[in-house]
Amino acid sequence: MTDLTDTDYTQRFIFDDSDTRGELVTLERSYAEVLAKHTYPEPVKQLLGELMAAASLLVGTLKFDGLLILQARSDGPVPLLMIECSSEREIRGLARYEADRIAPDATLADLMPNGVLALTVDPAQGQRYQGIVDLDGETLSDCFTNYFVMSQQVNTRFWLYADGRRARGLLLQQLPADRLKDEEERAASWQHITALASTLTADELLGLDNETVLHRLYHEEQVRLFDVQKLRFRCSCSRERSANALVSLGLEDAQALVIEHGGNIEIDCQFCNERYLFDAADIVQLFAGAGVETPSDTRH
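Under UniProt numbering, the sequence shown has 50 at position 50, and the numbering climbs by one with no breaks.
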């Protein structure tokens with residue numbers, strides 16, 4: 001399945017007269033694919049969409065080849081939110097939740113009290129990096145803004161919204177001094193641009209296209225909008241990766257696991273619900289170095 005450019009994409013823009021860049025994201029099909037894998041309560045659907053939008057925007061700020069992982073953890077009714085987005089702009093996500101503890105109007109504080117947000121960059125080559133910040137904002141937008149203030153020390157603002165059908169996000173980030181050298185002038189410009197963005201409502205961002213959003217906010221500014229960058233849902237699970245996990249157990253433990261589970265080991269992907277089955281013959285084949293080319297049936 002190929003995502004159309006009008007359903008899942010990010011789009012960068014810059015201000016010609018200010019040292020500020022921006023990016024907008026729209027997610028529909030990939031968002032729907034993530035939600036289709038589990039029966040999430042509405043507040044969880046919203047948080048997942050917002051976190052997907054944040055990951056999509058962040059990938060655009062990082063120049064790397066690899067994987068961006070966002071994990072929000074708490075001791076509340078949503079103990080885990082997790083989004084993975086690759087540098088190829090392939091995204092997947094999941095949430096763990098206790099439905100009977102979630103009210104229809106639950107806020108971030110209700111869902112994830114005492115929460116922490118971890119941002120991990122796992123490059124294909126080079127050292128892994130992780131930053132952690134408390135989930136101490138009223139919204140995920142506030143939390144990501146706080147993360148950049150505390151850990152990156154770069155003026156950055158996020159606006160994230162999702163409604164179970166569409167996830168949208170807006171990022172603004174101050175660039176190094178170039179067009180505006182005077183510090184007071186730079187600060188005033190940043191304040192002006194972010195103040196205008198703060199007038200944008202959830203309904204407007206969720207309901208309007210990028211050109212209309214930027215015109216409403218910045219019709220008196222010189223704004224350049226770049227080409228879209230497509231995103232799509234894709235899960236990175238595979239039978240081979242599941243087999244590698246079994247091999248890491250060792251032959252005796254893998255065979256014992258087959259017996260313990262009545263003749264078949266089932267490995268389920270929590271992201272996409274794909275199920276991989278391995279029987280005793282598969283285990284022998286794996287440890288004989290024959291690989292997983294002739295597996296037992298794989299089913300959903």
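We put the beta carbon where it would ideally sit given N, CA and C, even for glycine.
Please say whether residue j and residue i have beta carbons closer to each other than 7 Å?
i              : j            : result
valine 34      : serine 56    : no
alanine 167    : tyrosine 31  : yes
isoleucine 283 : alanine 254  : yes
arginine 232   : glutamate 90 : yes
isoleucine 83  : glycine 93   : yes
glutamine 174  : threonine 20 : yes
isoleucine 14  : arginine 179 : no
serine 74      : serine 189   : no
arginine 29    : aspartate 8  : yes
leucine 68     : leucine 81   : no
What does residue i pair with, by DSSP beta-bridge criteria?
i                 : result
arginine 232      : Glu90
threonine 20      : Gln174
phenylalanine 158 : Leu171
threonine 120     : Ile69 and Gln130
phenylalanine 287 : Per DSSP, none; premise fails for phenylalanine 287.
alanine 95        : Leu81
isoleucine 14     : Arg21 and Arg224
For residue i, does the count of other Cβ atoms within 10 angstroms reach 16, so buried, or fall short, so exposed?
i                 : result
threonine 10      : buried
proline 104       : exposed
isoleucine 259    : exposed
phenylalanine 226 : exposed
threonine 145     : buried
threonine 294     : The predicted model places threonine 294 with a pLDDT of 46, which falls under 50 and marks its position as unreliable, so this point remains unresolved.
methionine 52     : buried
glycine 126       : exposed
alanine 99        : exposed
proline 114       : Residue identity check: residue 114 is asparagine in the sequence provided, not proline. Burial call: exposed.
residue 312       : Outside the displayed range of the chain (1 to 300) lies residue 312, so it cannot be described from this structure.
Specify the secondary structure class of residue i as computed by DSSP and reduced to three states.
i              : result
leucine 58     : helix
cysteine 85    : strand
threonine 26   : strand
tyrosine 9     : strand
aspartate 65   : coil
proline 79     : coil
leucine 205    : helix
leucine 225    : strand
glycine 137    : coil
methionine 112 : coil
lysine 181     : coil
aspartate 3    : The predicted model places aspartate 3 with a pLDDT of 41, which falls under 50 and marks its position as unreliable, so this point remains unresolved.
Could you give the C-beta distance for residue i and residue j, rounded to a whole number, given that I count them as a contact under 8 Å?
i            : j             : result
leucine 170  : leucine 205   : 6 Å
glutamine 46 : aspartate 163 : 7 Å
leucine 27   : glycine 60    : That pair is no contact at about 13 Å.
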